[in-house]
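K.L.:
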Amino acid sequence: MISEFAWVIPAVMFASGAIIVFFGKQFPKQGAEVGITAVALALVMSVFVAVEVFSANVDAVAQVEAAHEGESAAGGDHAALDGQRLAIATGDLSVLAAEGADAVEVPAGVEPFLVERGFQLTAFAGEAGFDAGIRIDGLAAMMFLLVTFVSLMVHIYSTGYLDGDPRFTWFFALLSLFTGSMLLLVIANNLMLMLVGWELVGICSYLLIGFWLEEKTNSDAAMKAFLTTKLGDVGLIVGIVALWSMFETFNIGEIIAMTQQGVQAGGALDQGLLDFALIALFVGAIGKSAQFPLHTWLPDAMAGPTPVSALIHAATMVTAGVFLIARLYPVFQASPTALTVIAVIGAITLLMAGLLAIVQDDVKRVLAYSTVSQLGYMVAALAFSYTAGIFHLFTHGFFKALLFLGSGSLIHAVHSNNMSDMGGLRRVMPYTFWTFLIGSLALAAVFPLAGFWSKDEVLAGAAGAGGVTGTLVLVLGAVGGMLTAFYMTRVLYLVFAGTYRGHGHPHESLAAMKWPLVALAVPAALIGFINLPFEFAHPSGFSAWTMFSLEYFEGHPAEFSIPIAGASLALAVVGFLIGRALYRRQPSMAEDPMLNMGVFTRVLENKYYLDRLYTDLITRGLIRDKLATAAYWFNDHVLDRVVFLSGVGTIRLSRATYDYADQKGIDRVVNGVGLSANWSGGLLKFAQSGNVQLYAGAMFVGVFVLAVLFAVA
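Counting from 0, one number per residue, gives the positions in the sequence shown under numbering that gives the first Met the number 0.
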């Protein structure tokens, strides 16, 4: 099978990065052609893998459906079978359980596509250890397509955007490594290998965000992104360790299987520990996918080159947290507590970030807060629906990459990020305008573009789930959709309408930058049709391709709700009309209605004061001024004193040892032994003189003394 060699896909990108680092400057295009060739090859391989995986899943679904149709024809209960269909498509086990429905019976031998291969690198607990392995299924195949396609467009686009940059070769090396790291994360079959890819993505993003490191703001933004995501990674590592303590394995498939069986190593599943482990894992996703309250790093990440922003926001780093939840979705389904936390955080994020976007002047920051908001939709969706969450991830990747690359085209033309320096660009930049318009309409979920179908499915999933969290996500998601339409209308009018307010003479971008926009505009407009929520699309749609289980699958997603879709579209139109009414006259920044709302504007411009809380109060006030000062005092007065006294004590002990033990003890003993030997040797020299007469006299005296002694005795 082709999928068994899917490990070549990330390997190609890592090899590309290494070749560019060592030999890139020797190539005619400074290494860019190496990166483009590698990612194009990775895309072709991803297509082959996806065809194999998706077709196998569609065949499996067809067999299940045929079996159930046969049962129904034989007198099966149509109502009971239909009652399971609401949540089966999304893998929503909690809804099925609430309704008392049973899992769909799968004929023997019919399974969703799954290839898992690997080998053990090292053992550290019996047979368990750190493995290097791959897990290829519908989710991985989908991510391969998204990551490689967007990365290819970014690679091509970058040849024009960074043309002439002194670190051009280094940039392309980092792009290859960044793409390879994300693909490694996607393909990993165990949590430890996934963690390796997770951290490599973080390192690459740090290097790319701070690519223009000569400016302090860029290096500060890179450091902020790195440290904020590392804070979330503490939770991720704690969660991985907690899961290991429960299941005594890092293998994702084994963890899923044991969870579904309700067991762990040594006994029944500990629900409390599982809740803790999954919430800890979600903390890692909060950091990586910029969820409230760790979202503050993402807007500052705009300091990097715009192609990097497109790659980060569309297909790599920020989607890693969403992918983590989706990869362990059956495990999360076993924890209603964790799902509630996920829903609430996602709902707060999608509205909070949408409000921040309405007061931005930097076009990239508008899109950055838009990304945070859309990530909130994805995260909240995964609390109710597997398909809705990853489908919105998939569609969003295309139109958000399009919008970021479009913003790069604008910045490249006017040499400014600020919309106050733009205006009237529709006439001079037609390709950028029309593609940016398509991306904006898709983001605003306007029928029939991609965002309409995926965002509608998020709202439909929330409505179907009901309850407090479902209602919260539904209401805030609908309001967030209106905000999205409003702030994108504001962008369109400020950038493309009216007269040009900047300097110089803007013009359409180079072909290398223009054609990737056109290529991305096509899926931004049409990709939503792969998951139409209608019976005629059954069973060959997106939900069939990416399913994780046949037991909880239906060939089409949540049932299409005309009231929800109509209300969502109506709110988008309201947002558009409000934006048009406020900005069609091209107000100056001083007259911008969003910047003249008093306290509300100040709160939004200060980003809810979270940056001040983190930077001024916690980082500077608490850590630098308080904790650092206390640590310095402790170091100066305690640690240094202990070290100093240890040194003084050592010197005094050494002197005492020398004076008393060595000089007055050991030396006197040695000298005494020497003197004794000398004295005894002096006596012997008289006895051993060699004088025979003396020896005879001594003998005579000895005999005489002995005779006297015997006589006395």
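Idealized CB from N, CA, C, for every residue including glycine.
#1: Applying the criterion that 16 or more other CB atoms from any shown protein chain within 10 Å of the CB defines a buried residue, is Ile87 buried or exposed?
#2: Using 8 Å for Cβ pairs, my map puts Leu401 next to Ala496. What's the rounded Cβ distance?
#3: Measuring straight from C-alpha to C-alpha, what distance separates Val691 and Val700?
#4: Can you have a look at Gly16 and say buried or exposed, based on whether 16 or more other CB atoms are within 10 angstroms of its CB?
#5: Can you list, in chain order, the residues of its chain whose CB lies under 6 Å from that of Lys223, leaving out five sequence neighbours each side?
#6: Can you give me the Cβ contacts of Phe703 inside the same chain, cut-off strictly under 8 Å, excluding the 5 residues immediately before and after it?
#7: Between Tyr492 and the rest of its own chain, which residues show a CB-CB distance below 8 Å, the 5 nearest in sequence each way excluded?
#8: If distances are taken between C-alpha atoms only, which option among Ala256, Thr318, Asp58 comes closest to Phe143?
#9: Looking only at C-alpha atoms, which of Ala302, Leu612, Ile133, Val445 sits nearest to Phe4?
#10: Could you tell me if Val365 is buried or exposed, where buried requires 16 or more neighbouring beta carbons within 10 angstroms of its beta carbon?
#11: Which of the three DSSP states, helix, strand or coil, is assigned to Asp130?
#12: Are the beta-carbon atoms belonging to Leu348 and Val371 less than 8 Å from one another?
#13: Is Trp632 buried or exposed, if buried means 16 or more other CB atoms sit within 10 Å of its CB?
#14: Specify the secondary structure class of Ala382 as computed by DSSP and reduced to three states.
#15: Given Thr227, which residues of its chain have a CB within under 7 Å of its CB, disregarding the five upstream and five downstream residues?
#16: Suppose you measure from the CA of Leu760 to the CA of Tyr156; what does that come to, to the nearest Å?
#17: Would you mind working out which of Leu473, Asp639, Ala484 sits nearest Pro562, comparing C-alpha positions?
#18: How about Asp666: is its C-beta nearer than 8 Å to some C-beta of chain C?
#19: Taking the straight line between their C-alpha atoms, what separation do you get for Leu174 and His154?
#20: Taking the C-alpha atoms as reference points, what is the distance between Val11 and Ser587?
#21: For Ala279, which residues in the same chain have their Cβ closer than 8 Å to its Cβ, ignoring the five residues on either side in sequence?
#22: For the pair the segment 165-182 and the segment 103-113, tell me if three or more CB-CB distances fall below 8 Å.
#23: Is it true that the CB of Met512 sits closer than 8 Å to the CB of His411?
#24: Tell me whether the segment 376-386 and the segment 407-421 touch, counting them as touching only if at least three CB pairs, one residue from each stretch, are closer than 8 Å.
#25: Which residue or residues does DSSP assign as beta-bridge partners of Val46?
#26: Pull the bridge partners of Asn250 from the DSSP assignment, please.
#27: Within the same chain, show all residues whose beta-carbon is closer than 8 Å to that of Ala571, passing over the 5 residues directly before and after it, in chain order.
#28: For the 8 Å Cβ check, are there 3 or more pairs between the segment 29-36 and the segment 215-222?
#29: Going residue by residue through the segment 149-184, where are the continuous alpha helix (DSSP H) segments of at least 4 residues, counting only ones entirely within it?
#30: Where does Trp544 land, buried or exposed, given buried means 16+ other C-beta within 10 angstroms?
#31: Between which two residues does the alpha helix (DSSP H) harbouring Ile285 extend?
#32: Run through DSSP, which three-state label would Ala262 get?
#33: Quick check: what's the CA-CA separation for Gly565 versus Ser180?
#34: Under the rule that 16 or more other beta-carbon atoms within 10 Å means buried, what is Trp678, buried or exposed?
#35: Just to confirm before moving on: does the CB-CB distance between Leu387 and Gly460 stay below 8 Å?
#36: Would you decide whether Pro515 is buried or exposed? Buried here means 16 or more other CB atoms lie within 10 Å of its CB.
P.N.:
Reading it off the structure:
#1: Low local confidence applies: a pLDDT of 40 at Ile87 is under 50, so the model's placement there is unreliable, with the coordinate-based value given in what follows. The C-beta of Ile87 has 16 or more other C-beta atoms within 10 Å across all chains shown, which makes the residue buried.
#2: With a contact defined as Cβ atoms closer than 8 Å, Leu401 and Ala496 miss out at about 20 Å.
#3: Roughly 14 Å separates the two Cα atoms.
#4: Buried.
#5: Same-chain partners within the cutoff: Trp296, Asp299.
#6: No residues qualify anywhere along the chain.
#7: The answer, listed in chain order, is Gly578, Arg579, Tyr582, Arg583, Gln585.
#8: Closest option to Phe143, Cα to Cα, is Thr318.
#9: For Phe4, the nearest C-alpha among the options comes from Ile133.
#10: Buried, because 16 or more other Cβ atoms sit within 10 Å of the Cβ of Val365.
#11: In this structure, Asp130 counts as strand in the three-state DSSP scheme.
#12: According to the sequence shown, residue 348 is Thr rather than Leu. Yes. Within cutoff.
#13: It is exposed - the Cβ of Trp632 has fewer than 16 other Cβ atoms within 10 Å.
#14: The answer is coil: DSSP assigns Ala382 none of H, G, I, E or B.
#15: Here the set comprises Gly286, Leu293, Thr295, Trp296.
#16: An answer regarding residue 760 cannot be provided, because it is not within the stretch 0 to 712 covered by the chain.
#17: Among Leu473, Asp639, Ala484, the Cα nearest to that of Pro562 is on Leu473.
#18: Of the protein chains in the structure, only one exists, and it is not chain C.
#19: Going by the C-alpha atoms only, they are around 8 Å apart.
#20: If I take the Cα positions, the gap works out to 49 Å.
#21: Non-local beta-carbon contacts of Ala279 in its own chain, meaning distances under 8 Å to residues more than five positions away in sequence, involve Gly234, Leu235, Val237, Gly238, Ala241 in chain order.
#22: Not touching, per the Cβ criterion.
#23: Met512 sits close to His411, with the two beta carbons spaced by under 8 Å.
#24: No: fewer than three Cβ pairs fall under 8 Å.
#25: In the DSSP assignment, Val46 is bridged to no other residue.
#26: Asn250 is bridged to Asn189.
#27: These residues qualify, in order along the chain: Ala443, Ala444, Val445, Gly480, Met481, Thr483, Ala484.
#28: Short answer: they don't touch.
#29: Taken in chain order, the segment 149-184 contains no complete alpha helix (DSSP H) segment of 4 residues or longer.
#30: Buried.
#31: 270-287 is the extent of the alpha helix (DSSP H) around Ile285.
#32: The amino acid at residue 262 is misidentified as Ala; the sequence shows Val. Strand at Val262.
#33: Here the alpha carbon of Gly565 sits roughly 41 Å from the alpha carbon of Ser180.
#34: The residue in question, Trp678, is exposed, as its Cβ has fewer than 16 Cβ neighbours within 10 Å.
#35: Reading the sequence as shown, one finds Ala at residue 387 and not Leu. Using a Cβ distance threshold of 8 Å, Ala387 and Gly460 count as a contacting pair.
#36: That one is buried.
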